[in-house]
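A.B. asks:
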Amino acid sequence: SQQGEEDPQALSIQEGENATMNCSYKTSINNLQWYRQNSGRGLVHLILIRSNEREKHSGRLRVTLDTSKKSSSLLITASRAADTASYFCATVSGVYGQNFVFGPGTRLSVLP
Amino acid sequence: GAGVSQSPRYKVAKRGQDVALRCDPISGHVSLFWYQQALGQGPEFLTYFQNEAQLDKSGLPSDRFFAERPEGSVSTLKIQRTQQEDSAVYLCASSLRRTAIYTDTQYFGPGTRLTVL
Numbered sequence: 021s022q023q024g025e026e027d028p029q030a031l032s033i034q035e036g037e038n039a040t041m042n043c044s045y046k047t048s049i050n051n052l053q054w055y056r057q058n059s060g061r062g063l064v065h066l067i068l069i070r071s072n073e074r075e076k077h078s079g080r081l082r083v084t085l086d087t088s089k090k091s092s093s094l095l096i097t098a099s100r101a102a103d104t105a106s107y108f109c110a111t112v113s114g115v116y117g118q119n120f121v122f123g124p125g126t127r128l129s130v131l132p
Numbered sequence: 007g008a009g010v011s012q013s014p015r016y017k018v019a020k021r022g023q024d025v026a027l028r029c030d031p032i033s034g035h036v037s038l039f040w041y042q043q044a045l046g047q048g049p050e051f052l053t054y055f056q057n058e059a060q061l062d063k064s065g066l067p068s069d070r071f072f073a074e075r076p077e078g079s080v081s082t083l084k085i086q087r088t089q090q091e092d093s094a095v096y097l098c099a100s101s102l103r104r105t106a107i108y109t110d111t112q113y114f115g116p117g118t119r120l121t122v123l
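For the record, the sequence lines run as chains D and F. Using our numbering, read the first sequence as starting at 21 and increasing by one per residue. Using our numbering, read the second sequence as starting at 7 and increasing by one per residue.
#1: Please confirm whether residue 105 of chain F has its beta-carbon closer than 7 angstroms to some beta-carbon of chain D.
#2: Under a CB-based cut-off of 7 angstroms, is residue 62 of chain F close to chain D?
#3: Whole angstroms are fine: how far does the CA of residue 114 of chain D sit from the CA of residue 62 of chain F?
#4: On the criterion of 16 or more Cβ atoms from any shown chain inside 10 Å, does residue 130 of chain D qualify as buried, or is it exposed?
#5: Three-state secondary structure (DSSP) at residue 47 of chain F?
#6: Going by Cα to Cα distance, which pick from F:35, F:58 and F:64 is closest to residue 82 of chain F?
#7: How would you call residue 69 of chain F, buried or exposed, if buried means at least 16 neighbouring beta carbons within 10 angstroms?
#8: Report yes or no: is there a C-beta of chain F within less than 7 angstroms of the C-beta of residue 34 of chain D?
#9: Any idea if residue 72 of chain D is buried or exposed, counting beta-carbon neighbours within 10 angstroms, 16 or more meaning buried?
#10: Going by DSSP, what residues sit across from residue 25 of chain D in a beta bridge?
#11: Let me know the secondary structure DSSP gives residue 60 of chain D once reduced to three states.
#12: For the candidate residues F:24, F:29 and F:52, whose alpha-carbon lies nearest to that of residue 77 of chain F?
#13: Write down the C-beta distance between residue 65 of chain D and residue 42 of chain F rounded to the nearest angstrom, noting that I regard them as a contact closer than 8 angstroms.
#14: Grouping DSSP H, G and I as helix and E and B as strand, with all else coil, what is residue 19 of chain F?
#15: In this structure, how does DSSP classify residue 53 of chain D when only helix, strand and coil are distinguished?
#16: Give me the Cβ distance between residue 50 of chain D and residue 68 of chain D, rounded to the nearest whole Å; I'm assuming they're in contact under 8 angstroms.
#17: So that I know if they touch, is there some Cβ in chain D lying closer than 7 angstroms to that of residue 117 of chain F?
#18: Which two residues bound the contiguous beta strand (DSSP E) that contains residue 119 of chain D?
#19: Who are the Cβ neighbours of residue 65 of chain F in its own chain at under 7 angstroms, not counting the five residues just before and after it?
#20: Could you tell me whether any Cβ in chain F is nearer than 7 angstroms to the Cβ of residue 118 of chain D?
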């Protein structure tokens, strides 16, 4: 079963606009990570935010985490056509940090 | 190698056949994960290895699924008597375990697309 639920399921925007994706989860976590997957390829790690952090930046990416609401958001600023992909959040827990639970993903289309 | 590799990239099997999927993790990576990804869904955890030890196999859907990593590097996921519901992309990922293990990120291979007819 999947713990994370991304919202929206699909998002279509114009180049240069910002894209915001949300993720909700159900249980306690060690950290939360965001991944990108291009069609037919493996996942690529984007950013990690620990459970005691509230916001993190990496280039055009901004991630927030609200553990009280069990939710996270990923903001991609000044989007490009190359950002077109599926984006997944993954919650991490477990004794060995091995329990990665992915949501169903948000399919982002950036139109040129 | 530069990244995680998986073979074959595509596999078509007749229902009832056995299949073996291979994963070559990044050299030196201690942790190895297998996931199953259905079309339009996120990956679902199958099993986890730390070196050669299989520490978590709670995600394996049935006893037809078996994974091994005998020398702590290459891993094989075997599915016996394949069924149509086994059709999916099987992803392998590795990570470099550090003392602060919760900061580990995973590096994914391209996956093996299994189609069971």
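Glycine included, every Cβ here is placed at the ideal spot set by N, Cα and C.
C.D. replies: Based on what the coordinates show:
#1: Because the pLDDT at residue 105 of chain F is just 38, under 50, the model does not fix this residue reliably, and the value given afterwards should be weighed accordingly. Taking Cβ atoms only, chain D never reaches closer than 7 angstroms to residue 105 of chain F, which makes this a no.
#2: yes
#3: The alpha-carbon atoms of residue 62 of chain F and residue 114 of chain D are separated by roughly 10 angstroms.
#4: buried
#5: Annotated three-state conformation of residue 47 of chain F is coil, per DSSP.
#6: F:58
#7: exposed
#8: False, the Cβ-Cβ gap to chain F never drops below 7 angstroms.
#9: exposed
#10: D:44
#11: coil
#12: Looking only at F:24, F:29 and F:52, the smallest Cα-Cα distance to residue 77 of chain F is reached by F:29.
#13: Going by Cβ atoms, the distance from residue 65 of chain D to residue 42 of chain F rounds to 19 angstroms, so no, they are not a contact pair.
#14: strand
#15: Residue state, collapsed to three classes: strand.
#16: Contact doesn't hold; Cβ gap of about 10 angstroms is too wide.
#17: yes
#18: 119-122
#19: 50, 51, 52 and 53
#20: Yes, residue 118 of chain D lies at the interface with chain F (some Cβ there is under 7 angstroms from its Cβ).
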